[in-house]
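Novice: Here you go, one structure.
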Amino acid sequence: MIRVENLEKSYGDVRVLKGLTFAVEPRTVLGVIGGSGSGKSTLLRCLNGLERIDGGAVEAGGVRLEASLGASEYARRVKQLRRHVGMVFQHLYLFPHLTALGNVTEAPVHVARVRPAEAQARALELLGAVGLREKADRFPDALSGGEQQRVAIARALAMKPEVLLFDEPTSALDPRRTSELRATLRGFVRDGHTMVVVTHSMSFVDGLADSLLYMEAGETVEYGEAEKVLKDPRDPRTREFLSHAR
Amino acid sequence: MGRLFSGPHARPAALVLLAPLILFSQARAQTTLRWGADPSGGAPYVFADPAHPETYVGYEKEMVEALAAAMGRRAEFVPSDWETLVSSLERGQFDVIVNGLEPTADRARLILFSKPYYAFRLQITVRREEEKIDSLEDCRGRTVGTLVNTAASRLLERDGYRYKGYQDPVGAYRDLELGRVDAVLMDVPMEMYYARRNPRLKAAGEPFHRGAYVVGLRKTDEALKREVDAAVDKIIRDGTLEQILRRWNLWDEAQAALKVERVQEATGQTAGAQGEGSAGEGETGGGVAYDLTSTTFNWGEALVRLGRAALITILLAFGAMAVALALGLVLAVAQAHGPRWSGWLATAYVEFFRGTPVLVQLLFLYFGLPKLGVAMPGWLTALVGLGLNYAAYESQVYRAALDAVPRGQWEAAYLLGMSPVLAFRRVIMPQALRVALPPMTNDFVSLFKDTSVAFAISVWELATAYRELANATGEFLLLGVIVSVFYLVMSLPLAHLARRLELRMRRRRDASLELAEEAP
Numbered sequence: 029m030i031r032v033e034n035l036e037k038s039y040g041d042v043r044v045l046k047g048l049t050f051a052v053e054p055r056t057v058l059g060v061i062g063g064s065g066s067g068k069s070t071l072l073r074c075l076n077g078l079e080r081i082d083g084g085a086v087e088a089g090g091v092r093l094e095a096s097l098g099a100s101e102y103a104r105r106v107k108q109l110r111r112h113v114g115m116v117f118q119h120l121y122l123f124p125h126l127t128a129l130g131n132v133t134e135a136p137v138h139v140a141r142v143r144p145a146e147a148q149a150r151a152l153e154l155l156g157a158v159g160l161r162e163k164a165d166r167f168p169d170a171l172s173g174g175e176q177q178r179v180a181i182a183r184a185l186a187m188k189p190e191v192l193l194f195d196e197p198t199s200a201l202d203p204r205r206t207s208e209l210r211a212t213l214r215g216f217v218r219d220g221h222t223m224v225v226v227t228h229s230m231s232f233v234d235g236l237a238d239s240l241l242y243m244e245a246g247e248t249v250e251y252g253e254a255e256k257v258l259k260d261p262r263d264p265r266t267r268e269f270l271s272h273a274r
Numbered sequence: 004m005g006r007l008f009s010g011p012h013a014r015p016a017a018l019v020l021l022a023p024l025i026l027f028s029q030a031r032a033q034t035t036l037r038w039g040a041d042p043s044g045g046a047p048y049v050f051a052d053p054a055h056p057e058t059y060v061g062y063e064k065e066m067v068e069a070l071a072a073a074m075g076r077r078a079e080f081v082p083s084d085w086e087t088l089v090s091s092l093e094r095g096q097f098d099v100i101v102n103g104l105e106p107t108a109d110r111a112r113l114i115l116f117s118k119p120y121y122a123f124r125l126q127i128t129v130r131r132e133e134e135k136i137d138s139l140e141d142c143r144g145r146t147v148g149t150l151v152n153t154a155a156s157r158l159l160e161r162d163g164y165r166y167k168g169y170q171d172p173v174g175a176y177r178d179l180e181l182g183r184v185d186a187v188l189m190d191v192p193m194e195m196y197y198a199r200r201n202p203r204l205k206a207a208g209e210p211f212h213r214g215a216y217v218v219g220l221r222k223t224d225e226a227l228k229r230e231v232d233a234a235v236d237k238i239i240r241d242g243t244l245e246q247i248l249r250r251w252n253l254w255d256e257a258q259a260a261l262k263v264e265r266v267q268e269a270t271g272q273t274a275g276a277q278g279e280g281s282a283g284e285g286e287t288g289g290g291v292a293y294d295l296t297s298t299t300f301n302w303g304e305a306l307v308r309l310g311r312a313a314l315i316t317i318l319l320a321f322g323a324m325a326v327a328l329a330l331g332l333v334l335a336v337a338q339a340h341g342p343r344w345s346g347w348l349a350t351a352y353v354e355f356f357r358g359t360p361v362l363v364q365l366l367f368l369y370f371g372l373p374k375l376g377v378a379m380p381g382w383l384t385a386l387v388g389l390g391l392n393y394a395a396y397e398s399q400v401y402r403a404a405l406d407a408v409p410r411g412q413w414e415a416a417y418l419l420g421m422s423p424v425l426a427f428r429r430v431i432m433p434q435a436l437r438v439a440l441p442p443m444t445n446d447f448v449s450l451f452k453d454t455s456v457a458f459a460i461s462v463w464e465l466a467t468a469y470r471e472l473a474n475a476t477g478e479f480l481l482l483g484v485i486v487s488v489f490y491l492v493m494s495l496p497l498a499h500l501a502r503r504l505e506l507r508m509r510r511r512r513d514a515s516l517e518l519a520e521e522a523p
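So the sequences go chain by chain: B and X. Last residue of the first sequence? That's 274 in our numbering, and every number before it is there in order. Last residue of the second sequence? That's 523 in our numbering, and every number before it is there in order.
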C-alpha cells in the first residue's frame, strides 16, 4: 500500500511537486506518465527517501514520512521505509566491481546479514527467474543493457521489498524486450508486490498499470483507472500527450 | 700554488678565451689564501658572529689571518660544508681546509696535511641527571652522538660503538638534551663552546685521546704545503697563536707542549721520544704524540652499511605511505563529505603541506616540535613528516577517485539499506581505489625517492649513507652507481607490480567482455 497526501517538494525557489495526492492499492501497479521536467522522477525520489519532502506526507510499506517530522526521526523512518521499498534506477547503477551474482548478494549479506551460502542460493534463484543464471559470474559491463536491467531488478528483489519503484525502465530496451519486461513485472504483481512505474512510454503501461497518473509541472492532471485514462481522458492536456505518444 | 682550473688547460680555444681570467685568477691566488670551512654550528672554529651575523668570527679565522699574514697573503674565507670539504678542496673551490681537520688515513690518501697547529682531546658529555656514564666504555649498548667524519666518529666506529652522526655540534647536543642520544663525544673546543655552560648537560670523565688539527691541502700543492708549514711554525713560535688561543680560552698544557716542541725544533734541539706523530703522509713530523685514527675504508662493511640504509629507506617509504594513505582518506572524506568546518580544515591542511617544501616540514618537526615538548627520534620524524606531506597529495588522489564514482552508486547503496559507512566501504571505495591505483603508485615511487630528504635530520638512509661514505672515501662515482642500483632495485619492482595489478583488473574485465560478445 502506498499513500501520498499533498506531497510538496521544492529545490530552492523552484516548486517541483505542488501537492500530489494518490494511493496505490496492494498488488497493483501505478503508472506515472508525463513529459520531461514534469516532476515524476522527483516523485520517486520522495517515495524512497532520497529527497526529503517539504509538504504533506508519504506512506509506503506501513512507514509514514511527514514533512513536519524532525530531522532525526525523519532519517530513522527513511531507514525503515527502505526495508520495504526497492528501486530500479533508469541508469541502474549496478556495482561495476561486483559480478551479477555479487550485485544481488551484496545487500542480503552485508545489510540483512543473511549467510553467504543462503544469499547465493537465493540470488541464483532470482537471476534464474530473470533468465540470467548462466551469466551470474559476469561483471556488469560484460552484459547487455537488458541483461543489466534484469540484474538490477534481481538486486532490488533480493531484499524482499513489498514496494518496487521503476524509473524509466524501458528507455534502453527494444520493443521485444519491452514486452518481456512487462510480462516479468506483471509476474511480480502476482507474487504480491506493489509497484510504481515512471515512464513516458504509453505502450508500456498499457496492459501493465492498474491505475495511471498523468502529471505536468508538478501537478496531477489526470489520475484514475488505467483503462479509463488511456481510452477516455477527460483533460485536454492528457489527450494532447496521448496523441503524441501513439 | 693555487691551481684554479684544471679543465680548460686541455682546450686551446678555451684557453685563449679564458687566458685573461686564468692569469688574473692565478695572480690573485698568489696574493690570497682561500680557506674553506663549515661555519654552521662552527663555533669556536669559525662561525657567524651572533652580534653581526654577516661577519664570521672564530679562533681559526683569526689563526688563518695570522697564517696568511705570515705568508704575505690575504685570507679569504669560503663558507662550505663540513662533509664535502675534501671534495670541494679537490674541485678547487678553495686552497686549504682549516676547520679543525684531523689527519686520518683515508683523508691522507686524498689530500696533504700541514704540520699540526692544535692538539685536541675528546670529551664525553651526558645529561645532568645521567649517573651511569663516566667513560666511553660505559657507552656500550647506548647511542653516542658525534660529528660525522671526525676522529671521534672513526673512533666510535672502529671500536664498535653505536653512534649517530651529526652535521654540526648544535644538533648533537640538542638531541642529547632531548634524550635522542645517551652521550655526545666531541672535540674539547666544541664541547667547551656548546656544552660546558649548558646547565642540563655535564662532562663525563676526563678528556681523553690525543689528536691534532692540521691544514688540509690538495695532493698537488706541495709548494703551498711548505709555505703553510713554515707559517704554522712561525705563528706558534712567535706566540701569535698562543695569544689567539688564550683569547678563546683554548690554551692548555697540550698547546704549551706543542709550542715548546716547535721552539726546540727551531733551535736545533730534538723533542725527545714522545712517540710517532705521523699524519699519514709522515711529513708532519714533530714530537707531540697524537693518535691517528686510522680506520681505512672497508668495502664489505660499506656494503653492509648501505644495505642497512636501504632497509631504513624501505621502512621510511612504507611507513610514510601507510600514514599518507590513512590520513589522506580521512582528509578526502572531511573535505568532500564532512561538515563545512572540517572541509575548511582539510583544505587548509592540504594547501599548507603542498605549498611548503617537505624539507622545511621535516626540519620543523625535528627541531621545532621538541620546543613544544614532542621529541621523536629522527627516523620516526622522517616517517611521520613524509607521511603528513604525502597525505596532502593522496587526499587529492582519493578525492578525484571518489568524484569519479557516480553519485548514483551512493544512492543505489543507500536504497539497498546500506549506511553511509557501509556504502563507502563496500561500494564506493573499491571503485575509487581502482581509479586511484595508478596515481598512488606513482606517488609511492616519488615518496621512495623523497625519503632522501631525511638526511637533513641525520637519518641513516640511503642518501645519507651515500653522502657520508662518499665523503669519507672520495668514491662519489662508484658509490653513486651502487646507491642508484639500490634505489632502482627497490623502486622498479614496485612500479612493475602496480602495472601488473592494473593489467589484471583490465584483463578480468576484457575477458568477461569477450564472453559477452560471443554470446548472442
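Just so it is clear, CB atoms sit at the ideal spot from N, CA and C, and this is done for glycine as well. Please read all numbers here as calculations on a predicted model, not as lab measurements.
1) First and last residue of the alpha helix (DSSP H) that includes Trp38 (chain X)?
2) Once DSSP output is grouped into helix, strand and coil, what is the label at Gly358 (chain X)?
3) Note down, in chain order, all residues in the segment 203-226 of chain B with a beta-carbon under 7 Å from any beta-carbon belonging to chain X.
4) How is the alpha helix (DSSP H) around Gln412 (chain X) delimited, first residue to last?
5) Kindly list, in the order they appear in chain D, the residues whose Cβ is closer than 8 Å to that of Glu414 (chain X).
6) With Met243 (chain B) as the anchor, note down where its beta strand (DSSP E) starts and where it stops.
7) Between Glu134 (chain B) and Phe117 (chain B), is the Cβ-Cβ spacing less than 8 Å?
8) Starting from the Cα of Ile181 (chain B), find the closest Cα among B:Arg166, B:Asp169, B:Ala151 and B:Lys68 and give me that residue.
9) Spell out the partners DSSP gives Pro82 (chain X) in its beta bridges.
10) May I have a chain-ordered list of the alpha helix (DSSP H) segments no shorter than 4 residues that lie completely inside the segment 171-212 of chain B?
11) For the segment 80-125 of chain X, list the alpha helix (DSSP H) runs that are entirely contained and at least 4 residues long, ordered along the chain.
12) Starting from the beta carbon of Leu425 (chain X), find every residue of chain B whose beta carbon is closer than 9 Å, and list them in chain order.
13) Decide if Leu306 (chain X) is buried, meaning its Cβ has at least 16 other Cβ atoms within 10 Å, or exposed.
14) Start and end of the alpha helix (DSSP H) containing Asp131 (chain B)?
15) On the premise that Arg199 (chain X) lies in contact with Ala206 (chain X), defined as a C-beta separation below 8 Å, what is that separation, rounded to the nearest angstrom?
16) Does the pairing of the segment 236-244 of chain B with the segment 59-68 of chain B give three or more beta-carbon distances under 8 Å?
17) Would you say Arg429 (chain X) faces chain B, with C-beta separation under 8 Å as the test?
18) Short check: CB of Leu270 (chain B) to CB of Met230 (chain B), under 8 Å?
19) If you run the structure through DSSP and keep just helix, strand and coil, what is Pro433 (chain X)?
20) Check whether the Cβ atoms of Cys142 (chain X) and Tyr169 (chain X) sit closer than 8 Å, and answer yes or no.
21) So is Ala269 (chain X) buried or exposed if we call it buried at 16+ other beta carbons inside 10 Å?
22) In chain B, which residues lie less than 8 Å from Met421 (chain X) when you measure between Cβ atoms?
23) Distance cutoff 8 Å, beta carbons only. Does Arg111 (chain B) sit that close to anything in chain X?
24) From Glu105 (chain X) to Leu113 (chain X), what distance separates their C-alpha atoms?
25) If you count every other CB in all the chains shown that lies within 10 Å of the CB of Trp463 (chain X), and 16 or more means buried, which is it?
26) Among residues of its own chain, excluding the 5 on either side of Tyr59 (chain X), which ones have a beta-carbon nearer than 8 Å to its beta-carbon?
27) Do the segment 84-103 of chain X and the segment 220-236 of chain X make contact, defined as three or more Cβ pairs closer than 8 Å?
28) Could you say which of B:Lys256, B:Glu250, B:His272 and B:Pro203 lies nearest to Asp263 (chain B) if we only look at CA atoms?
29) Indicate the three-state DSSP secondary structure (helix, strand or coil) for Phe123 (chain B) in the structure shown.
30) What is the residue span of the beta strand (DSSP E) that Val57 (chain B) lies within?
31) Indicate whether at least one CB of chain B lies closer than 8 Å to the CB of Leu418 (chain X).
32) Do you know whose CA, among X:Val67, X:Ala498 and X:Gly388, lies nearest Ala323 (chain X)'s CA?
33) Take Glu209 (chain X) as the anchor and find which of X:Met189, X:Val217 and X:Leu227 has the nearest alpha-carbon.
34) Taking C-beta pairs closer than 7 Å, name the residues in chain B that Ala411 (chain X) reaches, listed in chain order.
35) Who are the Cβ neighbours of Thr34 (chain X) in its own chain at under 7 Å, not counting the five residues just before and after it?
36) Since Asn76 (chain B) contacts Val132 (chain B) with CB under 8 Å, what's their CB separation in whole angstroms?
Specialist: The structure says:
1) Position 35 of the second sequence, counted from the first residue, corresponds to residue 38 (chain X). That residue, Trp38 (chain X), is in no alpha helix (DSSP H); its beta strand (DSSP E) goes Thr35 to Ala40.
2) Within the second sequence, numbered from 1, the residue matching residue 358 (chain X) stands at position 355. In the displayed model, Gly358 (chain X) falls within a helix according to three-state DSSP.
3) If the cut-off is 7 Å between Cβ atoms, the segment 203-226 of chain B has nothing near chain X.
4) Walking along the second sequence from the start, residue 412 (chain X) turns up at place 409. Taken as a continuous stretch (DSSP letters only), the alpha helix (DSSP H) holding Gln412 (chain X) covers Arg410 to Leu418.
5) Here chain D cannot be found, since the structure's protein chains are B and X.
6) One-based indexing of the first sequence puts residue 243 (chain B) at position 215. Residues Ser239 to Glu244.
7) The residue labelled residue 134 (chain B) in the question sits at position 106 within the first sequence. The residue labelled residue 117 (chain B) in the question sits at position 89 within the first sequence. No, these two residues do not count as a Cβ contact at 8 Å.
8) Counted from its first residue, the first sequence places residue 181 (chain B) at position 153. Looking at the Cα atoms, B:Ala151 is the closest of the given residues.
9) Position 79 of the second sequence, counted from the first residue, corresponds to residue 82 (chain X). Assignment of beta-bridge partners to Pro82 (chain X) by DSSP yields X:Ala40.
10) Correct list: 173-185.
11) DSSP runs (the alpha helix (DSSP H)) wholly in the segment 80-125 of chain X: 88-93 and 108-111.
12) Counting from one through the second sequence, the residue named residue 425 (chain X) turns up at place 422. His138 and Val139, listed in chain order.
13) For the purposes of this step, residue 306 (chain X) is taken as the residue at position 303 of the second sequence. By the neighbour-count criterion, in which a residue is buried when 16 or more other Cβ atoms sit within 10 angstroms of its Cβ, Leu306 (chain X) is exposed.
14) As a working note, residue 131 (chain B) is residue 103 in the first sequence. It is Asn, not Asp, that sits at residue 131 (chain B) in the sequence shown. Where Asn131 (chain B) is concerned, the enclosing alpha helix (DSSP H) starts and stops at Ala128 to His138.
15) For the purposes of this step, residue 206 (chain X) is taken as the residue at position 203 of the second sequence. For the purposes of this step, residue 199 (chain X) is taken as the residue at position 196 of the second sequence. That pair is a contact at about 7 Å.
16) A contact between stretches requires three or more CB pairs, one per stretch, nearer than 8 Å, and the segment 236-244 of chain B meets this requirement with the segment 59-68 of chain B.
17) To locate residue 429 (chain X), count along the second sequence from 1; it is residue 426. So yes, Arg429 (chain X) belongs to the interface.
18) One-based indexing of the first sequence puts residue 270 (chain B) at position 242. One-based indexing of the first sequence puts residue 230 (chain B) at position 202. Contact flag set, yes.
19) In the second sequence, residue 433 (chain X) corresponds to position 430, counting from 1. Look at Pro433 (chain X) here: in three-state DSSP terms it is helix.
20) Taking the second sequence and counting its residues from 1, one reaches residue 142 (chain X) at position 139. Taking the second sequence and counting its residues from 1, one reaches residue 169 (chain X) at position 166. Tyr169 (chain X) is positioned such that its CB atom lies no closer than 8 Å to that of Cys142 (chain X).
21) By one-based count along the second sequence, residue 269 (chain X) stands at place 266. Label assigned to Ala269 (chain X): exposed.
22) Here residue 421 (chain X) refers to the residue found at position 418 of the second sequence. By Cβ distance, chain B contributes Ala135, His138 and Val139.
23) The residue given as residue 111 (chain B) occupies position 83 in the first sequence. Closer than 8 Å: yes.
24) Indexing the second sequence from 1 puts residue 105 (chain X) at position 102. Indexing the second sequence from 1 puts residue 113 (chain X) at position 110. When rounded, the distance between both Cα atoms is 13 Å.
25) The residue labelled residue 463 (chain X) in the question sits at position 460 within the second sequence. Within a 10 Å sphere around the beta-carbon of Trp463 (chain X) sit 16 or more other beta-carbons, which makes this residue buried.
26) Here the question's residue 59 (chain X) lines up with position 56 in the second sequence. The answer, listed in chain order, is Pro42, Val49, Phe50, Ala51, Asp52, Phe80 and Pro82.
27) At 8 Å Cβ cutoff, the stretches touch.
28) Here residue 263 (chain B) refers to the residue found at position 235 of the first sequence. Nearest Cα to Asp263 (chain B) within the set B:Lys256, B:Glu250, B:His272 and B:Pro203: B:Glu250.
29) Taking the first sequence and counting its residues from 1, the one referred to as residue 123 (chain B) is at position 95. Look at Phe123 (chain B) here: in three-state DSSP terms it is coil, with no helix or strand label.
30) The count along the first sequence starts at 1 and reaches residue 57 (chain B) at position 29. DSSP places Val57 (chain B) in the uninterrupted beta strand (DSSP E) bounded by Val57 to Ile61.
31) Indexing the second sequence from 1 puts residue 418 (chain X) at position 415. Closer than 8 Å: yes.
32) What you label residue 323 (chain X) is simply residue 320 of the second sequence in a count that begins at 1. Nearest Cα to Ala323 (chain X) within the set X:Val67, X:Ala498 and X:Gly388: X:Gly388.
33) The residue given as residue 209 (chain X) occupies position 206 in the second sequence. The candidate whose alpha carbon is nearest that of Glu209 (chain X) is X:Met189.
34) Translated into the one-based positions of the second sequence, residue 411 (chain X) becomes position 408. Per the sequence shown, the amino acid found at residue 411 (chain X) is Gly instead of Ala. Under the 7 Å cutoff, chain B gives Phe117, His119 and Tyr121.
35) Residue 34 (chain X) sits at position 31 when you count from the first residue of the second sequence. Answer for Thr34 (chain X): Arg76 and Arg77, listed in chain order.
36) Translated into the one-based positions of the first sequence, residue 76 (chain B) becomes position 48. Translated into the one-based positions of the first sequence, residue 132 (chain B) becomes position 104. 19 Å between Cβ atoms; not a contact.
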